[in-house]
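In my numbering, the protein residues as written are 1 to 127.
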C-alpha cells in the first residue's frame, strides 16, 4: 500500500458523509464501524458501508474500513465488507497472534475467487 499521509475518518452510520467522502482527496477514507457507531446502529451501519464501498466513487483515495473487534461484531463486519473489495481493514484491539490468525482466516473465507487480497492494519492492544 502506498504511503498514506492524509486519512479521512467517516462514521459508518452517516450516509451523507459516506456519500461525499471522496471529494476531499485524502490518501485514504476510513469508513468507521467501530467507535463512531453506537451498538444499536451497528447492523445498519454495516449495510451502509457495504453499499458505499460498492457504489460510491472515492476517486484515488484508498478505501479502508475500521471493523469492530471479533467479540463485538467483527466477524459480521468482515463477512459483509470483504466482498465489496476494500483496500484494507483496520483491526482494533488485537492482543495476540491467534486473534490475528482468526481475522485472517475470516477474511480469506469472505474473499471472492479472483478478488484482490484485502490488506490488514492491526492495532495492537497494549498489555
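Just so it is clear, CB atoms sit at the ideal spot from N, CA and C, and this is done for glycine as well.
For residue i, which residues from the same chain have a beta carbon less than 6 Å from its beta carbon, with the 5 sequence-adjacent residues on both sides left out?
i: residue 42; result: 73
i: residue 80; result: 46, 50
How big is the Cα-Cα spacing for residue i and residue j?
i: residue 92; j: residue 44; result: 20 Å
i: residue 5; j: residue 122; result: 18 Å
i: residue 3; j: residue 38; result: 31 Å
i: residue 65; j: residue 95; result: 19 Å
i: residue 8; j: residue 48; result: 17 Å
i: residue 18; j: residue 113; result: 27 Å
i: residue 84; j: residue 99; result: 23 Å
i: residue 16; j: residue 109; result: 31 Å
Return the residue from the list the options that minimises the CA-CA distance to residue i.
i: residue 97; options: 8, 15, 125, 26; result: 125
i: residue 26; options: 75, 10, 14; result: 10
Excluding the 5 residues preceding and the 5 following residue i in the sequence, name in chain order all residues of the same chain whose CB lies nearer than 7 Å to its CB.
i: residue 118; result: 82, 86, 88, 89, 107, 111
i: residue 69; result: 92, 93
Kindly list the residues whose CB is nearer than 8 Å to the CB of residue i, restricted to its own chain and excluding five residues on each side of it in sequence; keep chain order.
i: residue 104; result: 120
i: residue 75; result: 106
i: residue 58; result: 21, 22, 29
For residue i, list the residues DSSP reports as bridge partners.
i: residue 63; result: 29
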